[in-house]
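Trainee:
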Amino acid sequence: MKKTILFISIIFIMVGCSSSKITATNWVSDDFKNEPIDKILIFANTEDRDLQMAFEKETAAYLTQQGITSLQTHVTFPDLTYKEVITQEEINSFINDCQEKNISKILFANKKSISVDTVAVKSLNNYMNSLQPLIIDGPDQSDVELETEEITTYIVEAAVYDINKTTEDKPIATTTVTASNVESLDQIKDRLLKEIKKLFKNN
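Counting in the numbering used here, the sequence shown tops out at residue 1048, every number present.
1. For D1007, which residues in the same chain have their Cβ closer than 7 Å to its Cβ, ignoring the five residues on either side in sequence?
2. For E892, count neighbouring Cβ atoms within 10 angstroms of its own Cβ and tell me buried if that reaches 16, exposed if not.
3. Suppose the cutoff is 6 Å on Cβ atoms and the five residues either side in sequence are ignored; what does the same chain contact list for S865 look like?
4. Can you give me the C-alpha to C-alpha distance between H919 and M898, rounded to a whole angstrom?
5. Residues in the same chain with beta-carbon distance under 6 Å from T998, minus the five sequence neighbours each way, listed in chain order, please.
6. Can you give me the Cβ contacts of F857 inside the same chain, cut-off strictly under 8 Å, excluding the 5 residues immediately before and after it?
7. For E1040 and I936, what's the separation of their Cα atoms in angstroms?
8. What are the start and end residues of the alpha helix (DSSP H) that includes F888?
9. Closer than 6 Å by C-beta to L916: which residues in its own chain qualify, once you throw out the five before and the five after it? Chain order, please.
10. With C-beta atoms as the reference, is D844 less than 7 Å away from I996?
11. Return no unless some Cβ of chain C is closer than 7 Å to the Cβ of I867.
12. Quick one: what's got a C-beta closer than 7 Å to R894's C-beta in the same chain, skipping five residues either side?
13. Along the chain, where does the beta strand (DSSP E) containing T1019 start, and where does it finish?
14. In whole angstroms, what is the alpha-carbon distance linking I855 and T870?
15. Cutting at 8 Å between CB atoms, please list the residues of its own chain near T800, excluding the five before and the five after it.
16. When we look at the beta-carbon of L925 and count the other beta-carbons within 10 Å, is it buried (16 or more) or exposed?
17. Go through its chain and collect everything with a Cβ distance to K847's Cβ below 8 Å, but skip five positions before and after it.
18. Check this for me: beta carbons of L1038 and E903, under 7 Å apart or not?
19. Does the separation of the CB atoms of F952 and V1005 fall below 7 Å?
20. I'd like to know whether the C-beta atoms of T1020 and A1003 end up nearer to each other than 7 Å.
21. Going along the chain, which residues of its own chain have a beta-carbon closer than 6 Å to the beta-carbon of K1010, five neighbours each way excluded?
Listed below in structure tokens is the structure:
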């Protein structure tokens, strides 16, 4: 029974993990549904300045078409630079700066995590070797050498905050994109933009 479970697990890994895959999940609160947004600041939180500018411009262009006044952080706050750790004092200062410019809604885009996993590749060699544990008196699973590859998984998120709602430090809408084994990081950016468009389509 144990060997059968091992066999099934290996086949699942070989079939399910080697190809490129991008998925997304969206969530919206009642506040987001019931309160139309007429002005928003777009903030791509990344050390890559070119990526920040490109993302903020593309997002702003779409939201402007939807009738939403869209501000870009690299334009509105040109001195605001990427930091891995931002203090509460800096956050409070940023919120005050936004309120002075009559900004209450902010769309933050950031990377949540990157993970690298080693998995078996889809190959005839791996498939035939994975059958060996089913043979009576065959080699132990630990003796089987399989061809492997590294799969990099990215999780990125865009979250909409209403800084005037101070009772809870929670977003009013989010979209999360999980991407594995992508050929280009532009695929992730494009999918995140697509999901952001879905969020605001009916707002």
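Just so it is clear, CB atoms sit at the ideal spot from N, CA and C, and this is done for glycine as well.
Mentor: Taking the geometry as given:
1. Within the same chain, and ignoring the five residues on either side of D1007 in sequence, the residues whose Cβ sits closer than 7 Å to its Cβ are D876, S949, K950, I1017.
2. Only exposed fits E892, as fewer than 16 other CB atoms lie within 10 angstroms of its CB.
3. When the five nearest sequence neighbours on each side are left out, the beta carbons in the same chain lying within less than 6 Å of the beta carbon of S865 are those of N1026, V1027, in order along the chain.
4. Here the alpha carbons of M898 and H919 stand approximately 7 Å from one another.
5. Hits under 6 Å: S960, S1025.
6. Below a pLDDT of 50, predicted positions are generally treated as unreliable, and F857, at 41, falls in that range; no measurement from the model is reported.
7. If I take the Cα positions, the gap works out to 27 Å.
8. Element bounds for F888: not the alpha helix (DSSP H) but the beta strand (DSSP E), 884-889.
9. The beta carbon of L916 lies closer than 6 Å to those of L886 in the same chain, with the five residues before and after it left out.
10. Nothing can be reported for residue 844: it is not among the residues displayed for the chain, which extend from 846 to 1048.
11. Although the question refers to chain C, the structure presented lacks it and comprises just one protein chain.
12. Counting only Cβ-Cβ distances below 7 Å, and skipping sequence neighbours, we find nothing.
13. Unbroken beta strand (DSSP E) run through T1019: 1018-1025.
14. Note that I855 has pLDDT 37, beneath the 50 cutoff, so the model's placement of it is unreliable and the number below is only indicative. Each residue's Cα considered, the two are about 28 Å apart.
15. No information on residue 800 is available, as it lies outside the stretch 846 to 1048 that the chain covers here.
16. Looking at its Cβ environment, which holds fewer than 16 other Cβ atoms inside 10 Å, L925 is exposed.
17. Low confidence applies here, because K847 scores a pLDDT of 43, under 50, leaving its location unreliable and the question unanswered by this model.
18. Closer than 7 Å, so yes.
19. A small correction: the amino acid at residue 952 is Leu; Phe does not occupy that position in the sequence shown. Yes; because the gap between Cβ atoms is below 7 Å, this pair is in contact.
20. Yes, the pair counts as a contact, with Cβ atoms nearer than the cut-off.
21. Excluding sequence neighbours, K1010 sits near nothing in its chain.
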